[in-house]
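*Asks:* Going down the list, the protein sequences come from chains A and B.
So the first sequence is residues 0 to 250, counted in numbering that gives the first Met the number 0.
So the second sequence is residues 0 to 297, counted in numbering that gives the first Met the number 0.
Don't be surprised by glycine CBs; every beta carbon is placed ideally from N, CA and C.
Small disclaimer: the values here were computed from a predicted structure and weren't measured.
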Amino acid sequence: MSHPAPALHLEDVHKSFGPVHVLRGIDLSVAAHEVICLIGASGSGKSTLLKCVNVLEPVDSGRILVEGADVAARGVDVNQLRRRIGIVFQAFNLFPHMTVLRNITLAPEQALGLSRQEARRGAEELLERFGLADKSNEYPDRLSGGQQQRVAIVRALAMRPDIMLLDEVTSALDPELVAEVLDVIRELAHGGMTMLIATHEMGFARDIADRVCFLDEGVVAEQGSPDQIFTAPQHKRTQQFLQRIIDAGRL
Amino acid sequence: MSPEKEAGSAGDPSVLKNGPVDRGSRMFGGRGFLISTTSTLVFFGAIVAAVVLAPGSAIVRERFFDPTYIELALFGSETSPSVVGAFVLNIKMFVIAEILILVLALVIAVVRGIPGPAFFPFRLVAIAYTDLFRGVPLILVLYMIGFGVPGLGLKFFSSQSDVTFGVAALVLVYSAYVAEVYRAGIDSVHESQTAAARSLGLSRRQSLRFVVLPQAIRRVIPPLLNDFIGLQKDTALVSVLGSIEAARAAQIQAAEQFNYSSYVVAAALFVLMTIPLARFTDHLIERARRRRQAGAVL
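(1) Relative to the C-alpha of Ser135 (chain A), which residue among A:Val99, A:Gln89 and A:Ala4 is closest?
(2) Would Gln250 (chain B) and Ser238 (chain B) qualify as a contact pair, given that the criterion is a beta-carbon distance under 9 angstroms?
(3) May I ask which residues mark the beginning and end of the alpha helix (DSSP H) holding Lys360 (chain B)?
(4) Over the uninterrupted alpha helix (DSSP H) stretch that includes Thr230 (chain A), give me the two end residues.
(5) Around the Cβ of Phe64 (chain B), are there at least 16 other Cβ atoms within 10 angstroms (buried) or fewer (exposed)?
(6) On the CB-based measure, 16 or more other CB atoms within 10 Å of its CB, does Val50 (chain B) come out buried or exposed?
(7) At a CB distance below 8 angstroms, what residues from the segment 190-211 of chain B approach chain A? Give them in sequence order.
(8) Please confirm if Ala106 (chain A) has its CB atom under 9 angstroms from at least one CB of chain B.
(9) Under three-state DSSP, which class holds Thr193 (chain A)?
(10) Assuming Asn78 (chain A) contacts Ser202 (chain B) (C-beta within less than 8 angstroms), just tell me the rounded distance between them.
(11) Output the distance between the C-alpha atoms of Pro221 (chain B) and Thr129 (chain B), rounded to the nearest integer angstrom.
(12) Identify whether His282 (chain B) lies in helix, strand or coil by the three-state DSSP scheme.
(13) Considering only C-alpha positions, which residue in the set A:Gly202, A:Glu108, A:Ala30 and A:Glu200 is nearest to Val65 (chain A)?
(14) For Arg73 (chain A), name the three-state secondary structure that DSSP assigns.
(15) Look at the Cβ atom of Arg205 (chain A), then the Cβ atom of Pro225 (chain A), and state whether they are nearer than 9 angstroms.
(16) Beta-carbon of Arg62 (chain B) versus every beta-carbon of chain A: anything under 9 angstroms?
(17) Grab the span of the beta strand (DSSP E) containing Val239 (chain B) for me, first residue to last.
(18) Would you kindly report the start and end of the unbroken alpha helix (DSSP H) that includes Met163 (chain A)?
(19) Counting only runs of 4+ residues fully inside the segment 8-58 of chain A, write out the alpha helix (DSSP H) ranges in chain order.
(20) Looking only at DSSP bridge pairs, what is Arg210 (chain A) linked to?
(21) Of all Cβ atoms in chain B, is any one closer than 9 angstroms to the Cβ of Ile152 (chain A)?
(22) Of all the alpha helix (DSSP H) runs that stay within the bounds of the segment 65-153 of chain A, which reach a length of 4 or more residues?
(23) For the candidate residues A:Gln239, A:Glu216, A:Gly248 and A:Asp173, whose alpha-carbon lies nearest to that of Gly202 (chain A)?
(24) With a threshold of 9 angstroms between beta-carbons, can Pro95 (chain A) be considered close to chain B, or not?
(25) Against chain B, does Asp140 (chain A) count as a neighbour if the rule is that its beta carbon must be under 9 angstroms from one of theirs?
(26) Chain A beta carbons: is any one of them nearer than 9 angstroms to that of Arg288 (chain B)?
(27) Mind pulling the chain B residues with CB within less than 9 angstroms of Met158 (chain A)?
(28) Among residues of its own chain, excluding the 5 on either side of Ile126 (chain B), which ones have a beta-carbon nearer than 7 angstroms to its beta-carbon?
(29) For chain A, check one thing: does any of its Cβ atoms lie closer than 9 angstroms to the Cβ of Pro116 (chain B)?
(30) Which residues in the same chain as Asn258 (chain B) place their Cβ atom closer than 7 angstroms to its Cβ, once the five residues preceding and following it in sequence are excluded?
(31) Leaving out five residues before and five after Leu73 (chain B) in sequence, what residues of the same chain have Cβ atoms less than 8 angstroms from its Cβ?
(32) With DSSP run on the structure shown, which of helix, strand or coil describes Val219 (chain A)?
(33) Should the segment 38-46 of chain B be called in touch with the segment 208-226 of chain B, which here means at least 3 C-beta pairs below 8 angstroms?
(34) Quick one, are the C-beta atoms of Pro139 (chain A) and Gln147 (chain A) less than 9 angstroms apart?
(35) Determine the chain B residues that contact Asn53 (chain A) at a beta-carbon separation under 8 angstroms, and present them in chain order.
(36) In terms of alpha-carbon separation, which member of A:His13, A:Leu7, A:Leu27 and A:Phe16 lies closest to Cys212 (chain A)?
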């Protein structure tokens, strides 16, 4: 193959939780600097897919390649691998016993071996860039949901990942706090970050994605440019899903 | 001071407004304060009356609260050691035991949580340990360690003092309890915290050390201190091995003097030692509550 390996490549990925077959053969390729939005009903496997990419859940069968390397291969250091793949969760998952700054510097210090000063400098730059400089000594409980989620994004970015996985990062937020988080993601996209975004924000997906993938019953039922998916969906299930979204007034 | 006067001045709203307003008066208000004061006086009055008016009251007071013997217990004499002096041994035992327990129990709790088939024997040992030492009464462990280990005739271990064997028994038994307290704390930290730590590339050990344990330990401090209050009292049991700590010193005086005032002094000493810890526990619980509420406002 003359092309460089894709940033992320999934091949026939299957994953079950007990009797529930969540992923039923996912095929997906993400090129470097590409932004892909995963849409689909709750339970369609979006979150599971992201967790499998981050090896937080082992897959049952199929292959996940990060820059050509199989994540499940023998001898792969998952800690090393995860340092290159940032993930942001729906529920923020900040460490409540640490200040914002410490939340961000912990992993660069412990996992990358940066000195305290280096880690701190990096964190402060990022906080500055995302308008959180004055929050660095606050505890997460003292922040709004939107601020907490921005800190969680900064925390993932501090590891300088090649790929960012965003798992419905605005779903737990009050509507008026969604925009500030989406703005951060938008900035990342413009900066060329490779991202795989599970989202219910269809307007945002249309706006930001290079490609939209519709997940249905554990497979990628349809994928294409945002225009294609949102204006002329081919697959019947995609049409039904989007119709429900439109009926609910969310597009 | 008569109850009426007391209640009257407290019931005056100006006193409530201008005086240092504590939590109690804010909670009860003027009328509530009157009721609470009356109720308290009646309650304790009844208890005191029952003791004073009981048929054998005079004898009991003489046997348990005789100033001469209280003084003897406090300061000792040429022939009988003071209870207060002996109490120093209780303090030493419990401070040393506490430190060892905190460490050993944490090791047990962590070992019990290590996943993976290779660690199965270690988990097994940790489970067996907690089952065994939570199940056996402390006094039996004291006998077995205190009389069994010297009997083994080992060069180093068997020649230790009674106090050392006593502390060892306390550590063995209480570590089993405290390990379970730690484990409950570790289990109470939501797995999403571990997922977040691991997703950042931290190893399992680093996640445990920096993310899970600090939160777990913070949460279990109140129950942990509760166990330590129990430990402070149980240092008295080490006397069965022959160590003269406060309870035993009190017993010796009681036997010599035919008077139990020394027991009252010993009891008071134990209470005095546990009260600060109890208040400190309350303080920590209150602080945690305030912190949670402050967080919930936003």
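*Replies:* So, to answer that:
(1) A:Val99
(2) Yes; because the gap between Cβ atoms is below 9 angstroms, this pair is in contact.
(3) Since the first residue shown for chain B is 0 and the last is 297, residue 360 (chain B) is missing from the structure and cannot be characterised.
(4) Pro225 to Thr230
(5) exposed
(6) Counting the other CB atoms within 10 Å of its CB gives Val50 (chain B) a total below 16, which places it among the exposed residues.
(7) Ser191, Gln192, Ala194, Ala195, Ala196, Arg197, Ser198, Leu199, Gly200, Leu201, Ser202, Gln205, Phe209 and Val210
(8) Cβ-Cβ to chain B under 9 angstroms: yes for Ala106 (chain A).
(9) strand
(10) 5 angstroms
(11) Spanning the alpha carbons of Pro221 (chain B) and Thr129 (chain B) requires a straight line of approximately 21 angstroms.
(12) helix
(13) A:Ala30
(14) coil
(15) With a cutoff of 9 angstroms on beta-carbon distance, Arg205 (chain A) and Pro225 (chain A) are scored as near each other.
(16) no
(17) Unbroken run through Val239 (chain B): none, as it is neither H nor E.
(18) Per DSSP, Met163 (chain A) belongs to no alpha helix (DSSP H); it is in the beta strand (DSSP E), Ile162 to Asp166.
(19) 45-52
(20) Under DSSP, Arg210 (chain A) forms a beta bridge with A:Ile35.
(21) no
(22) 77-83, 99-109 and 115-128
(23) A:Gly248
(24) yes
(25) At least one CB atom of chain B sits nearer than 9 angstroms to the CB of Asp140 (chain A).
(26) No, no contact with chain A.
(27) Result: Leu199 and Gly200.
(28) Cβ within range, chain order: Arg111.
(29) no
(30) Arg62, Asp65 and Tyr68
(31) So the list reads Ser81, Val82, Val83 and Val264, once near-sequence residues are dropped.
(32) strand
(33) no
(34) yes
(35) Ser198
(36) A:Leu27
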